[in-house]
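Peer 1: All residue numbers for the sequence shown refer to our numbering, where the first residue is 1444 and numbers rise by one.
Heads up, the beta-carbon is just placed ideally off N, CA and C, and yes, glycines get one too.
My questions all concern the structure below.
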Amino acid sequence: MSSIVAIKGFNDILPTQTPAWRRLEQHLSSLMDAYGYQQIRLPMVEQTNLFKRSIGDATDIVEKEMYTFEDRNGDSLTLRPEGTACCVRACEENGLLYNQTQRLWYMGPMFRHERPQKGRYRQFHQIGVETFGIQGPDIDAEVLVLSARILRELGVAEHLQLQINSLGSSDARAAYKSALVAYLSNVYDQLDEDSKRRLSTNPMRILDSKDANTQALLNTAPVFLDYLDEDSRTHFEGLKCLLDAAGVPYQINPRLVRGLDYYGKTAFEWVTDKLGAQSTVCAGGRYDGLVEQLGGKSTPAVGFGIGLERLVLLLQAIEVVPENLDQQADIYLVAVGDVQSTAMQLAERVRDELPFVRLLTNCGGGNFKNQLKKADKSGADIALILGEDEAKTGKVTIKFLREEIEQQTLAFDEAIAYLLELE
Ligand code: ATP
Ligand code: MG
């Protein structure tokens, strides 16, 4: 019988990798605290219509990437492909948007049926930031400054570039769309297959086509900035001033459109040339129309999502590998002979008195030499050695595994006091 393996595109994050992930998660959550953003925890499954209505029928996600299934009641459910729609749903349902502002974040898995490759998986993780109720460019700038700090403090900022654009009002987009469609219809035969299809379903997505020929055709296409409405133009200028004031460098990319229908005005991406085709590490923008589109009162909103796998890959690519990640313990308790109950009591006392120390006990027996080997492998700096003689007299030997310090045999109390001093 063949063994059962994981589903393609669904990854295990192994013990050797979790320290990097936890460091990243801790870094992110403490930065969110520092900016006064509050965490919200959302379900992973929602009604399919939530995503259809928000992300848009003609987007890649809804067209071909969603994990949609019928549950036992015959309801159509979907594993969340992104968090924004879920967050809006939860805020609206719980009355968090009425007459108030919100600055929220969440972290967790998202699901998209894509072709797995480096930096692109079927289950991946995002940290998402969403703010509600603030209209001006000050909040757009704040979320961008926050994203810049995340990347700077992780040491990856110099490998990323911030690109911004304004997608204008829906009227401006509609006017631009007709101009773009008129222009591209004249060169229809020269477009790539995807872009041909998008010309009728989602023409603005053609702007970020990866096809070189299509990109060349776009060089002489109408430019969106010429169609930008006054309100969006002022907003964009305001954002640029604030980013300048904050010292966050950016590039204006007029072809940046984002793959979801709900964005308007500000759109941005942090991109890198270190991860091949999966170049976008963080993406977001303003979505003032979404709350109303999902049945709520019109509410301005702006946010972003960071793909954590891509961030981890980037950290690895530039070799910002945190130290001591393989170290499993600080202290290893070697227990030789018939001393199991004393060993367990001693271990628990050490954990009471030194709560920040990682103590690994030797379970499963073994002779002294064998246990010392395991102590060494654990990465511990110190071995506590408990043999039958020591156990009888209530003593333990402290042996330093990495430093030339003489070992000592002390009563339990003294040993703990000694360890406390080393802290
Ligand atoms: P892409 O153009 O790479 O497909 P996207 O526009 O679909 O990205 P968003 O929906 O904006 O991506 O998601 C925000 C971020 O989540 C992306 O910038 C990326 O870092 C990450 N991300 C998106 N899809 C995946 C995936 N399948 N695997 C890993 N990370 C992903
Ligand atoms: Mg995508």
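(1) Beta carbon of valine 1745, beta carbon of threonine 1574: below 8 angstroms?
(2) Helix, strand or coil: how does DSSP classify isoleucine 1828 here?
(3) Closest to proline 1665 by C-alpha separation, out of Glu1712, Glu1535, Glu1468 and Leu1627, would be which residue?
(4) Around the Cβ of valine 1572, are there at least 16 other Cβ atoms within 10 angstroms (buried) or fewer (exposed)?
(5) Measuring straight from C-alpha to C-alpha, what distance separates proline 1458 and glycine 1538?
(6) Nearer than 7 angstroms: is that true of the beta carbon of lysine 1702 relative to any heavy atom of the ligand MG?
(7) Say the cut is 7 angstroms; is the CB of aspartate 1637 nearer than that to a heavy atom of the ligand MN?
(8) If I follow the unbroken beta strand (DSSP E) through phenylalanine 1512, where does it start and stop?
(9) Three or more beta-carbon pairs under 8 angstroms between the region 1549 to 1562 and the region 1581 to 1594, yes or no?
(10) Say yes only if the C-beta of aspartate 1503 is nearer than 7 angstroms to one or more non-hydrogen atoms of the ligand MG, and no if none qualify.
(11) Please confirm whether glycine 1707 and glycine 1579 have their CB atoms less than 8 angstroms apart.
(12) Give the straight-line distance between the Cα atoms of leucine 1682 and glycine 1739, rounded to the nearest whole angstrom.
(13) So what does DSSP say about glutamate 1857, is it helix, strand or coil?
(14) How many Å lie between aspartate 1795 and arginine 1729 at the Cα?
(15) Relative to the C-alpha of serine 1472, which residue among Gln1569, Ala1860 and Glu1864 is closest?
(16) Roughly how many angstroms separate the alpha carbons of glutamate 1752 and leucine 1597, rounded to a whole number?
(17) Work out the CA separation of glutamine 1694 and glutamate 1673 for me, nearest whole Å.
(18) Is valine 1448 close to the ligand ATP? I mean its beta-carbon at under 7 angstroms from any heavy atom of the ligand.
(19) Since methionine 1550 sits in a beta bridge, which residues does DSSP pair it with?
(20) CB-CB under 7 angstroms to leucine 1594, same chain, minus the five flanking residues each way: which ones, in chain order?
(21) Could you round the C-beta distance between aspartate 1411 and serine 1638 to whole angstroms and report it? I think they count as a contact, below 8 angstroms.
(22) Let me know the secondary structure DSSP gives lysine 1812 once reduced to three states.
(23) Pop quiz: glycine 1526 and aspartate 1704 are said to be a contact at Cβ under 8 angstroms. What is the actual Cβ separation, rounded to whole angstroms?
Peer 2: According to the structure data:
(1) The residue given as residue 1745 occupies position 302 in the sequence shown. The residue given as residue 1574 occupies position 131 in the sequence shown. For valine 1745 and threonine 1574, yes; Cβs fall inside 8 angstroms.
(2) Along the sequence shown, read from residue 1 onward, the residue named residue 1828 stands at position 385. Here isoleucine 1828 sits in strand by DSSP.
(3) Here residue 1665 corresponds to residue number 222 of the sequence shown, with the count starting at 1. If we check each option's Cα against that of proline 1665, Leu1627 comes out closest.
(4) Counted from its first residue, the sequence shown places residue 1572 at position 129. That one is buried.
(5) The residue labelled residue 1458 in the question sits at position 15 within the sequence shown. The residue labelled residue 1538 in the question sits at position 95 within the sequence shown. Taking the straight line joining both Cα atoms gives about 40 angstroms.
(6) The residue labelled residue 1702 in the question sits at position 259 within the sequence shown. Note that residue 1702 corresponds to glycine in the displayed sequence, not to lysine. Checking the Cβ of glycine 1702 against the ligand MG gives yes.
(7) Absence of the ligand MN from the depicted structure is noted, with the ligand ATP and the ligand MG being the only ligands included.
(8) As a first step, residue 1512 must be located in the sequence shown, where it is residue number 69. Residues 1510 to 1513.
(9) no
(10) Within the sequence shown, numbered from 1, the residue matching residue 1503 stands at position 60. Yes.
(11) The residue labelled residue 1707 in the question sits at position 264 within the sequence shown. The residue labelled residue 1579 in the question sits at position 136 within the sequence shown. Result no, Cβ atoms of glycine 1707 and glycine 1579 do not sit closer than 8 angstroms.
(12) Residue numbering aside, residue 1682 sits at position 239 when the sequence shown is read from its first letter. Residue numbering aside, residue 1739 sits at position 296 when the sequence shown is read from its first letter. For leucine 1682 and glycine 1739, the distance between alpha carbons rounds to 27 angstroms.
(13) To locate residue 1857, count along the sequence shown from 1; it is residue 414. Reduced to three states, the DSSP call for glutamate 1857 is helix.
(14) Looking up residue 1795 in the sequence shown gives position 352. Looking up residue 1729 in the sequence shown gives position 286. Each residue's alpha carbon lies about 49 angstroms from the other.
(15) Locating residue 1472 in the sequence shown gives position 29, where the first residue counts as 1. Cα-wise, what sits closest to serine 1472 is Gln1569.
(16) Reading the sequence shown from its first residue, position 309 is the one you call residue 1752. Reading the sequence shown from its first residue, position 154 is the one you call residue 1597. So the alpha carbons of these two residues sit roughly 14 angstroms apart.
(17) Mapped onto the sequence shown, residue 1673 falls at position 230. Mapped onto the sequence shown, residue 1694 falls at position 251. C-alpha separation (whole angstroms): 21 angstroms.
(18) The residue you call residue 1448 lines up with position 5 of the sequence shown. Answer for valine 1448: no, Cβ out of range of the ligand ATP.
(19) Taking the sequence shown and counting its residues from 1, the one referred to as residue 1550 is at position 107. DSSP, once it has assigned bridges, lists Ile1570 as partnering methionine 1550.
(20) Within the sequence shown, numbered from 1, the residue matching residue 1594 stands at position 151. Ala1600, Leu1603 and Trp1713, listed in sequence order.
(21) The structure shown does not extend to residue 1411, since the chain spans only 1444 to 1866, so no value can be given for it.
(22) Working through the sequence shown from its first residue, we reach residue 1812 at position 369. DSSP places lysine 1812 in helix when its eight states are reduced to three.
(23) As a first step, residue 1526 is located in the sequence shown; it is residue number 83 there, counting from the start. As a first step, residue 1704 is located in the sequence shown; it is residue number 261 there, counting from the start. Their Cβ separation, rounded to whole angstroms, is 16 angstroms, which puts glycine 1526 and aspartate 1704 out of contact at 8 angstroms.
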